[in-house]
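Protein chains in written order, with numbering that gives the first Met the number 0: chain A, 0 to 195; chain B, 0 to 393.
Worksheet for the structure shown next.
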Amino acid sequence: MMAVLAAGCASSGVKNPSGVPVTHMNADEQGFVAGTGVESQDLVMVADKMSRSILGIPQIANAATPPSIVINPVDNQTRFPINKDIFLTRIRAQLNSKAQGRVVFLARHQMEELEKERNRKREGQVTSSSDPSVQEFKGADYFLTGSLQGLSTRTKAGTSDYILYNFHLIDARTSAIVWEDMAELKKQGLEDAAYR
Amino acid sequence: MKLLWQPVLLALAASLAGCATSRKPAVPPLTGDILVDAPRAIASGPARDRVIWQYRLAAAAMRQGKFDLAKQNLDEVLLTLGGIYGKDPDAKKARSYFRAEARKTFIGEPYERSMAYIYRGIIYWMDGERDNARACFRSAEFEDSDAALQEYAGDWVLPDYLDGLATAKLGGDGSDAFQRAQANARGIKLPPARPEANVLFFVEFGPGPTKYATGQYQQELRFNTPASPVASAMLKVDARQIPIAPTDDVGFQATTRGGRVMDHILGNKAVFKSATDAAGSVAMLGGITTAVASRDRTTQQVGLGIALAGLATTLVSAATVPKADTRAWDNLPRYLSFACLPLPVGQHVATLQFLDSAGQVQSNLTKTITLNIATTDRDKVVFVSDASITPQTL
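Dropping the structure here:
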């Protein structure tokens with residue numbers, strides 16, 4: 000009788016009736032939910048590689064004064080819509096963390112707010128710890144930007160996506176590309192026949 | 000004896016009542032308003048149907064000017080589409096003889112997936128993210144790239160055209176994409192791309208394709224494309240008039256994909272169902288006839304055995320479900336089109352008239368959009384459907 004009762008419990012046919020607990024994963028490991036697009040492990044790998052590579056170049060390693068860098072948006076040329084600025088955010092954060100003051104990043108994306116604040120100081124609306132009429136906004140020594148390019152193939156055998164991550168540092172005075180590095184990833188997958 | 004059965008019946012009743020987790024989530028009653036029905040279905044309907052309701056909700060929200068709602072649902076849909084690789088228990092069930100194809104998580108046919116990317120691309124462009132918009136248009140083509148007949152693979156016109164336009168606006172060379180668009184335009188001369196145009200009109204009209212099942216066991220998926228009361232449109236902005244002809248026919252995209260792998264699976268299911276049905280009927284008839292006709296006990300037993308085996312085979316046949324999945328994104332448009340023009344800073348009134356095949360204005364469908372152009376540096380993106388609300392101010 001008990002066996003009948005146990006067997007009769009209607010949770011059968013429902014997947015994970017008790018749910019799936021939250022699984023903590025490292026950002027650099029592939030989870031059990033994966034696609035062929037840009038994922039966190041790619042971001043971590045690429046940003047780590049780029050930040051290590053930038054720190055080693057003489058323009059930064061041997062600079063007498065820390066060079067000022069402006070980050071420009073990445074150009075996403077792949078077929079995957081992504082939050083493209085996340086790469087540069089991670090590279091910047093990692094450089095700021097590891098470079099120990101050897102580079103300075105300029106917050107150009109905050110210029111509107113910064114100019115408003117400076118104007119308030121100039122007009123005496125708020126206090127100022129220095130002479131607000133002096134131009135202290137820094138100019139860039141370098142621009143850091145990049146692009147994501149992709150090659151995608153889809154056949155009966157599956158989907159293949161290759162993405163080339165390219166980042167470069169441009170000298171703002173000479174327009175010379177003083178550093179460039181890349182990372183590339185290829186992923187393949189095949190959906191269940193029911194979807195083909 | 001009666002006392003003995005009472006606890007058994009009570010236990011059985013308790014076991015049934017105690018089975019609190021039902022196999023199927025309750026389907027909420029439909030009101031006919033997608034903006035009401037879809038959120039309910041997404042929240043409490045079967046998980047396998049979630050994407051279809053998100054599709055429908057996104058399209059309806061676009062037409063209501065609720066682009067944030069459309070964006071939220073399309074983003075969730077695209078996550079599902081991007082993560083469909085590998086083993087899927089529901090898909091496996093859908094391939095089995097005894098489960099319907101509709102058991103699988105719905106992601107739609109390639110034309111439906113492409114439309115999800117096209118809508119999301121439009122919203123990205125609205126938000127000023129041209130490269131992400133371009134990514135979506137590329138994915139829209141990509142979803143259509145494994146058609147059985149190569150001439151119909153990746154043959155959407157508008158996504159390639161917009162890929163080229165976005166690339167040109169981003170300072171690149173979009174000529175490859177323009178050439179692809181023109182090659183697929185099938186006799187239509189596409190207007191030259193104008194990177195300086197800062198106002199973009201995405202236009203859709205007509206009822207889109209629906210699905211139905213045919214064949215002996217409804218194992219064959221087919222598409223029905225109803226006639227569209229709207230054949231073209233006319234855009235009037237300030238003193239300008241721009242005729243808008245369809246660039247893409249969603250019905251054409253639905254019907255030119257060719258055979259699916261799943262069609263073979265459903266075909267095998269149909270053959271299995273037919274064969275087991277025939278074998279079962281023959282065995283039952285033969286077995287019963289043998290049992291009735293014979294006076295030999297052993298022969299009668301053999302005959303009944305054959306009849307029982309036939310019955311079992313017939314039951315297996317009855318349990319086989321070869322029916323094709325006809326769930327569809329049923330509020331898609333029939334035609335897509337596009338127009339762009341440069342407009343100076345200031346307020347402009349645009350009127351979009353929808354015309355029938357004789358060129359007559361369908362006045363009940365006319366839309367009015369007031370455009371406030373604050374800057375020419377950023378594109379003003381206008382989405383207009385023959386089912387859109389009117390007037391709109393953007």
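Glycine residues also receive a C-beta, built at the ideal position from the N, C-alpha and C atoms.
Values in this document were obtained by computation on a predicted structure and should not be read as measured data.
Could you pull the start and end residues of the alpha helix (DSSP H) that residue i belongs to?
i	result
D41(A)	39-54
H263(B)	260-292
G163(B)	157-168
F177(B)	174-183
G81(B)	66-81
I185(A)	In the sequence on display, residue 185(A) carries Lys and not Ile. First-last for K185(A): 176-188, but that is the beta strand (DSSP E), not the alpha helix (DSSP H).
T222(B)	In the sequence under discussion, the amino acid at residue 222(B) is Phe, which differs from the Thr named in the question. Here F222(B) belongs to no alpha helix (DSSP H); instead the beta strand (DSSP E) covers 219-223.
I187(B)	Element bounds for I187(B): n/a, residue is neither H nor E.
S43(B)	33-43
V301(B)	296-318
D191(A)	That residue, D191(A), is in no alpha helix (DSSP H); it is neither H nor E in DSSP.
F97(B)	Where F97(B) is concerned, there is no enclosing alpha helix (DSSP H), given that its DSSP letter is neither H nor E.
Show which residues of chain B have a CB atom less than 8 Å away from the CB atom of residue i.
i	result
E154(A)	At residue 154(A) the sequence reads Thr, which differs from the Glu that was named. Per Cβ cutoff of 8 Å: D145.
Which term fits residue i, buried or exposed, when burial requires 16 or more other beta carbons within 10 angstroms of its beta carbon?
i	result
K103(B)	buried
G302(B)	buried
R259(B)	buried
T389(B)	exposed
R185(B)	exposed
Y395(B)	Coverage of chain B is limited to positions 0 through 393, which leaves residue 395(B) absent and any answer about it impossible.
E111(A)	exposed
E100(B)	buried
L265(B)	buried
F166(A)	buried
V383(B)	buried
G123(A)	exposed
K268(B)	buried
I187(B)	exposed
Q187(A)	exposed
Y118(B)	buried
A155(A)	It is Lys, not Ala, that sits at residue 155(A) in the sequence shown. Answer is exposed; the Cβ neighbour count stays below 16.
K272(B)	buried
T275(B)	buried
N197(B)	buried
Given that residue i touches chain A, what residues does it touch there, using C-beta distances under 7 Å?
i	result
G81(B)	G34, G36
A176(B)	By Cβ distance, chain A contributes nothing, its closest Cβ being about 12 Å from A176(B), past 7 Å.
E111(B)	Chain A residues near E111(B): none, gap ~12 Å exceeds 7 Å.
K268(B)	Simply none; closest approach about 12 Å.
A134(B)	N75, T77, R78, F79, P80
V106(B)	Strictly speaking, residue 106(B) in this sequence is Ile, with Val absent from that position. Correct list: Y194.
Since residue i is in the beta strand (DSSP E), which residue starts that stretch and which ends it?
i	result
R153(A)	141-154
I441(B)	Not covered by the structure: residue 441(B). The range shown for chain B is 0 to 393.
Y334(B)	332-340
E203(B)	198-206
I106(B)	Segment: none, I106(B) is in no beta strand (DSSP E) and carries neither H nor E.
I196(A)	Because residue 196(A) is not part of the residues shown, which for chain A are 0 to 195, the question remains open.
V236(B)	231-236
G157(A)	157-170
K115(A)	Counting along the chain, K115(A) falls outside any beta strand (DSSP E), though it belongs to the alpha helix (DSSP H) covering 110-121.
Can you pull the chain B neighbours of residue i, defined as C-beta to C-beta under 9 Å?
i	result
S151(A)	R137, S138, F141, S144
R107(A)	Simply none; closest approach about 17 Å.
L189(A)	Y84, G85
R195(A)	D145, R259, V260, M261
Would you mind telling me which residues of chain A sit closer than 8 Å to residue i, beta carbon to beta carbon, in chain order?
i	result
N131(B)	N75, P80, I81, K83
K210(B)	Residues of chain A passing the Cβ test: none, with the nearest at roughly 15 Å.
A99(B)	Here the premise fails: no neighbours, minimum Cβ distance about 11 Å.
K91(B)	D191, A193
R119(B)	P80
L169(B)	D74
Residue i versus chain A: which residues are under 9 Å apart at the beta carbon?
i	result
M125(B)	Those within 9 Å of M125(B) in chain A number zero; the least Cβ separation is about 13 Å.
A323(B)	Correct list: empty, because the minimum Cβ distance to chain A is about 11 Å.
R294(B)	Residues of chain A passing the Cβ test: none, with the nearest at roughly 43 Å.
K103(B)	D191, A193, Y194
Quick one: list the residues of chain B neighbouring residue i, beta-carbon separation under 7 Å, in chain order.
i	result
Y161(A)	The contacting residues do not exist; Y161(A) stays about 13 Å from chain B at best.
A192(A)	R94, V260, M261, I264
Is the stretch 97-115 of chain B touching the stretch 319-336 of chain B, taking contact as three or more C-beta pairs under 8 Å?
The stretch 97-115 of chain B makes contact with the stretch 319-336 of chain B, as at least three CB pairs between them are under 8 Å.
Can we say the stretch 129-141 of chain A touches the stretch 121-135 of chain B, given the rule of at least three CB pairs closer than 8 Å?
The answer is no - the stretch 121-135 of chain B does not touch the stretch 129-141 of chain A, with fewer than three Cβ pairs under 8 Å.
Do three or more CB pairs link the stretch 144-153 of chain A to the stretch 66-80 of chain A at distances below 8 Å?
Taking a cut-off of 8 Å for Cβ pairs, the stretch 144-153 of chain A and the stretch 66-80 of chain A touch, as three or more such pairs fall below it.
Between the stretch 312-332 of chain B and the stretch 196-213 of chain B, do three or more beta carbon pairs fall short of 8 Å?
The answer is yes - the stretch 196-213 of chain B touches the stretch 312-332 of chain B, with three or more Cβ pairs under 8 Å.
Flag this pair as touching only if the stretch 316-325 of chain B and the stretch 208-218 of chain B have three or more C-beta atom pairs under 8 Å; answer yes or no.
Here the stretch 316-325 of chain B lies against the stretch 208-218 of chain B, with 3 or more beta-carbon pairs under 8 Å apart.
Does the count of Cβ pairs from the stretch 92-108 of chain A and the stretch 135-149 of chain B closer than 8 Å reach three?
Taking 8 Å as the limit for Cβ pairs, the verdict is that the stretch 135-149 of chain B does not touch the stretch 92-108 of chain A.
Spell out a yes or no on whether the stretch 134-145 of chain B and the stretch 303-315 of chain B are touching, meaning 3 or more CB-CB pairs, one atom from each, closer than 8 Å.
The stretch 134-145 of chain B vs the stretch 303-315 of chain B: no contact.
Three Cβ pairs or more, each shorter than 8 Å: is that satisfied between the stretch 57-73 of chain B and the stretch 158-178 of chain A?
The stretch 57-73 of chain B, when compared against the stretch 158-178 of chain A, does not touch it at the 8 Å Cβ threshold.
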